[in-house]
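In the numbering used here, the protein residues as written are 61 to 151. All C-beta atoms in this analysis are idealised placements derived from N, C-alpha and C, irrespective of residue type, glycine included. A quick write-up on the structure given underneath.
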């Protein structure tokens, strides 16, 4: 059963893929290729990395959340529910 946080992360991955050049930046920063992403698209650890990537830039968060009609803290709340989300954020 897919959790709501995983669904949001899949939506974020789709949004990233729809943005000019942003998917390339994600693949470059993660070291993943298209086949890796396709085969692991439902992996909670990959989905956590998608949200980590998205939250690196406020404009990305705003663009994604505006497109999905979500509050701007939705990616952060979803990230907290995925693997590693309970780690302290020092920034």
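Just the Cα atoms here: how many angstroms apart are residue i and residue j?
| i | j | result |
| --- | --- | --- |
| residue 131 | residue 95 | 31 Å |
| residue 153 | residue 129 | Outside the modelled stretch of the chain, which goes from 61 to 151, sits residue 153, for which no answer is possible. |
| residue 127 | residue 90 | 24 Å |
| residue 103 | residue 123 | 24 Å |
| residue 115 | residue 136 | 8 Å |
| residue 70 | residue 106 | 10 Å |
| residue 142 | residue 125 | 18 Å |
| residue 64 | residue 139 | 11 Å |
| residue 88 | residue 144 | 21 Å |
Give the single residue among the options whose Cα lies nearest to the Cα of residue i.
| i | options | result |
| --- | --- | --- |
| residue 79 | 121, 133, 141 | 121 |
| residue 118 | 134, 91, 90, 77 | 134 |
| residue 73 | 63, 109, 64, 144 | 109 |
| residue 98 | 64, 77, 111 | 77 |
| residue 101 | 141, 68, 88 | 68 |
| residue 75 | 93, 141, 64, 113 | 113 |
I need the boundaries of the alpha helix (DSSP H) containing residue i, first residue and last residue.
| i | result |
| --- | --- |
| residue 135 | 134 to 141 |
| residue 104 | 104 to 114 |
| residue 68 | 64 to 78 |
Assign residue i to buried or exposed, taking buried as 16 or more other Cβ atoms, counted over all protein chains shown, within 10 Å of its Cβ.
| i | result |
| --- | --- |
| residue 66 | buried |
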